[in-house]
Amino acid sequence: MAKILLGVTGSIAAYRACDIARELMREGHSVQAVLTRAATRLISPDTFAALTGNPVVVDVFDEPVPGQIAHIRLAQEADLALIAPATAHTIARLALGLADDMLTTLALATRAPILIAPAMNPAMWSHPATQAHVATLRERGVVFIEPAYGIMACGDEGWGKLADTPTIVQAVALHLRHASDLQGVHVLITAGPTYEPIDPVRFVGNRSSGKMGYALAEAALAHGATVTLITGPTALTPPAGATVIRVQTAQQMYEAVQAHFDACDVFIAAAAVADYRPERALPRKRKRTGEAWTLRLVPNPDILASVAARKGDRFVVGFAAETDKALQHAQAKLSGKNLDLIAANNVLEPGSGFEVDTNRLTLLYADGRIEELPLMSKRACAERIIEVVAEHLRQRRGA
Ligand code: PMT
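Residue numbers are given in my numbering: position 70 of the sequence shown equals residue 70, and the series is strictly consecutive.
As structure tokens, this is what we get:
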């Protein structure tokens, strides 16, 4: 039983939101309808009030409960926000972060997952502006329930019809299950690069931005996990809710992982750990002499291998950053480091690997299965890995 905010916008399909509200309530959820001003021209707020038993809100200053600020209370109480149907205009406002009515204000104020079921003319849906807004929202973790193909009210045919009610209700059910399937599970994640000091101003490092590891932390949090993120130096803001441990060097990351590994159920090593460090870090900046300079590098500990060797029943995931023969090298790391899963990425491929927002991963499982993922956002890659983790834990529990 969840508290669902149902946003209804000014599409011809607004009347279908009544059906959606009824089905959600039949599933045991409580529904709070929030209409845009345009939606009220197509369907009366009183219909939703009668159906849901809750007063409907439209304007930011609507205060159904005296003394309580509705847009904060409703935003905090919601377990999930569903906007169905969502027009191109509302999708654009959400992507821009506008807060010019109750629905968009709630969407900004809530930390509940947001699902959007668009409904609009096919030309509007496929327009690059709409697709750019959809991509922006997806990047932020918003889930889209794809519109269906069909004939529109205007007579045009194509993709743009509001998905059917069972599809929408099923997406909500699936999402609510996801939102709690890692409840009580402690996920430990490494992210970003390590910096190995040469002297107080120089270091040996690599191009990792931390985006892949932070996306994993976000996805694990979205599934209800307790997340500890051990991060090398990055310019990113860590996801809210994660316990963050900042380190600089591989040795510091090694010590942090050793300290937290026993308490975790799942370990994911997405960090690009420097395999070597300068043998000695100079205490003062080395002056330029014009002479050649030879740095002697010594190996760093293999963090992942060291903990995976004593993993017990923990699920351990590694990454393999490769420039050639990716599958062969990843396979060797999977078995050599005693992993349950390894995600291989070819860091030379455009759109994949370091710094960029996207990645193309191949997942290699300990039982020999191989799953090729398409080029997609790091958040979507992370979601798939976390789904695999959740599925593994479900099977282990025999559910
Ligand atoms: O941070 P981004 O800019 O988003 O880039 C993402 C990424 C390319 C860094 C990420 O997708 C990735 O591939 N991370 C692993 C990088 C890496 O170090 O790969 P590797 O093949 O060298 O190492 C194999 C595994 O052992 C990795 O899980 C790594 O974290 C771990 N390792 C490696 C060396 C070491 N000394 N200790 C380790 O734990």
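Beta carbons are placed, not taken as given, at the ideal position from N, Cα and C, and that holds for glycine.
Query raised in the report: Counting Cβ pairs, one atom from each stretch, are 3 or more of them under 8 Å apart for the stretch 166-185 and the stretch 107-126?
Result: By the Cβ test, the stretch 166-185 is in contact with the stretch 107-126, since at least three Cβ pairs between them sit closer than 8 Å.
Report task. Reducing DSSP to helix, strand and coil, say where glutamine 32 ends up. Result -> In the displayed model, glutamine 32 falls within a strand according to three-state DSSP.
Query raised in the report: Closest to alanine 305 by CA distance: which of Glu371, Gln183, Leu327, Ala332 is it?
Result: Relative to the Cα of alanine 305, the nearest Cα in the group Glu371, Gln183, Leu327, Ala332 belongs to Ala332.
**Report entry** Limits of the unbroken alpha helix (DSSP H) element including leucine 174
**Finding:** Note, leucine 174: alpha helix (DSSP H), 165-178.
Query raised in the report: What is the rounded straight-line gap between the Cα of phenylalanine 203 and the Cα of tyrosine 195?
Result: Approximately 6 Å, taken between the alpha carbons.
Query raised in the report: Within this structure, are the beta carbons of alanine 263 and isoleucine 245 separated by less than 8 Å?
Result: The Cβ-Cβ distance between alanine 263 and isoleucine 245 does not fall below 8 Å.
Report task. Counting only runs of 3+ residues fully inside the stretch 274-301, write out the beta strand (DSSP E) ranges in chain order. Result -> As far as the stretch 274-301 is concerned, its whole beta strand (DSSP E) runs of at least 3 residues are 276-278, 297-299.
Query raised in the report: Looking at the unbroken beta strand (DSSP E) that takes in glycine 158, where does it start and where does it end?
Result: Taken as a continuous stretch (DSSP letters only), the beta strand (DSSP E) holding glycine 158 covers 157-161.
Query raised in the report: What number of angstroms, rounded off, separates the C-alpha of aspartate 265 from the C-alpha of proline 374?
Result: Rounded to whole angstroms, aspartate 265 to proline 374 spans 28 Å at the Cα level.
Query raised in the report: Taking the alpha carbon of aspartate 100 as the point to measure from, which residue in Thr36, Pro200, Thr289, Ile189 has its own alpha carbon closest?
Result: Taking only the C-alpha atoms, the option nearest aspartate 100 is Thr36.
Query raised in the report: Does the ligand PMT have even one heavy atom less than 7 Å from the beta-carbon of valine 204?
Result: In this structure, valine 204 has its beta carbon at no less than 7 Å from each heavy atom of the ligand PMT.
Query raised in the report: Say the cut is 7 Å; is the CB of serine 208 nearer than that to a heavy atom of the ligand PMT?
Result: The answer is yes for serine 208.
Query raised in the report: Of the residues Ala39, Asp313, Val317, which one's Cα is nearest the Cα of isoleucine 303?
Result: For the residues Ala39, Asp313, Val317, the minimum Cα distance to isoleucine 303 belongs to Val317.
Report task. Count the other CB atoms, across all protein chains shown, that sit within 10 Å of the CB of aspartate 367; report buried if there are 16 or more and exposed otherwise. Result -> Here aspartate 367 is exposed: its Cβ has fewer than 16 other Cβ atoms, across all protein chains shown, within 10 Å.
Query - Continuous alpha helix (DSSP H) assignments of at least 4 residues falling wholly in the stretch 208-252 - result: As far as the stretch 208-252 is concerned, its whole alpha helix (DSSP H) runs of at least 4 residues are 211-222.
Query raised in the report: Roughly how far, in whole angstroms, is the beta-carbon of phenylalanine 354 from the beta-carbon of serine 209, given that I think they are within contact range, below 8 Å?
Result: Distance from phenylalanine 354 to serine 209 at the Cβ level is roughly 7 Å; contact confirmed, criterion being Cβ atoms closer than 8 Å.
Query - Secondary structure of isoleucine 189, DSSP reduced to three states - result: Assigned with DSSP and collapsed to three states, isoleucine 189 falls in strand.
**Report entry** Entirely enclosed beta strand (DSSP E) segments - the stretch 293-374, minimum 3 residues
**Finding:** Correct list: 297-299, 315-322, 341-346, 361-365, 370-372.
Requested in this report: Taking phenylalanine 267 as part of the beta strand (DSSP E), name the residues at either end of that continuous run.
Outcome: From DSSP, the beta strand (DSSP E) with phenylalanine 267 extends over 266-269.
Query raised in the report: Where do the N-terminal and C-terminal ends of the alpha helix (DSSP H) with leucine 106 fall, by residue?
Result: 102-109 is the extent of the alpha helix (DSSP H) around leucine 106.
Query raised in the report: Start and end of the alpha helix (DSSP H) containing leucine 74?
Result: If you look at leucine 74, you'll find it in the alpha helix (DSSP H) that goes 70-77.
Query - Where the beta strand (DSSP E) through leucine 24 begins and ends - result: Not the beta strand (DSSP E): leucine 24 falls in the alpha helix (DSSP H), residues 16-26.
Query raised in the report: When the Cα of histidine 178 is compared with those of Ala242, Gly241, Ile386, which residue comes out closest?
Result: Checking every option, the nearest Cα to that of histidine 178 belongs to Ile386.
Report task. Could you work out which residue in Ala219, Ala75, Leu363, Leu334 is closest to methionine 102 when comparing CA atoms only? Result -> It is Ala75 whose Cα lies nearest to the Cα of methionine 102.
Query - Segment limits, alpha helix (DSSP H) that includes valine 388 - result: Residues 378-397.
Query raised in the report: Mind checking whether the beta-carbon of aspartate 324 lies closer than 7 Å to any heavy atom of the ligand PMT?
Result: No.
Query raised in the report: If alanine 107 sits next to alanine 78, beta carbons under 8 Å apart, how far is it from one beta carbon to the other, in whole angstroms?
Result: Not a contact, Cβ separation roughly 10 Å.
Query raised in the report: Are the beta-carbon atoms of valine 143 and isoleucine 91 separated by less than 8 Å?
Result: Cβ distance not < 8 Å, so valine 143 and isoleucine 91 don't count as in contact.
Query raised in the report: Per DSSP, what kind of secondary structure is isoleucine 91 in: helix, strand or coil?
Result: Looking at isoleucine 91 - three-state DSSP - the assignment turns out to be helix.
Query raised in the report: Between the beta-carbon of arginine 295 and the beta-carbon of isoleucine 370, is there less than 8 Å?
Result: Rather than arginine, the amino acid found at residue 295 in this sequence is leucine. No Cβ-Cβ contact shorter than 8 Å links leucine 295 with isoleucine 370.
Query raised in the report: Can you tell me whether DSSP reads leucine 51 as helix, strand or coil?
Result: DSSP places leucine 51 in helix when its eight states are reduced to three.
Query raised in the report: First and last residue of the beta strand (DSSP E) that includes alanine 39?
Result: For alanine 39, no beta strand (DSSP E) segment is defined; the enclosing uninterrupted segment is the alpha helix (DSSP H) at 37-42.
Requested in this report: Measure the alpha-carbon distance for aspartate 181 versus leucine 282 and round it to whole angstroms.
Outcome: Each residue's Cα considered, the two are about 49 Å apart.
Query raised in the report: Grouping DSSP H, G and I as helix and E and B as strand, with all else coil, what is glutamate 139?
Result: If DSSP states are grouped into helix, strand and coil, glutamate 139 belongs with the helices.
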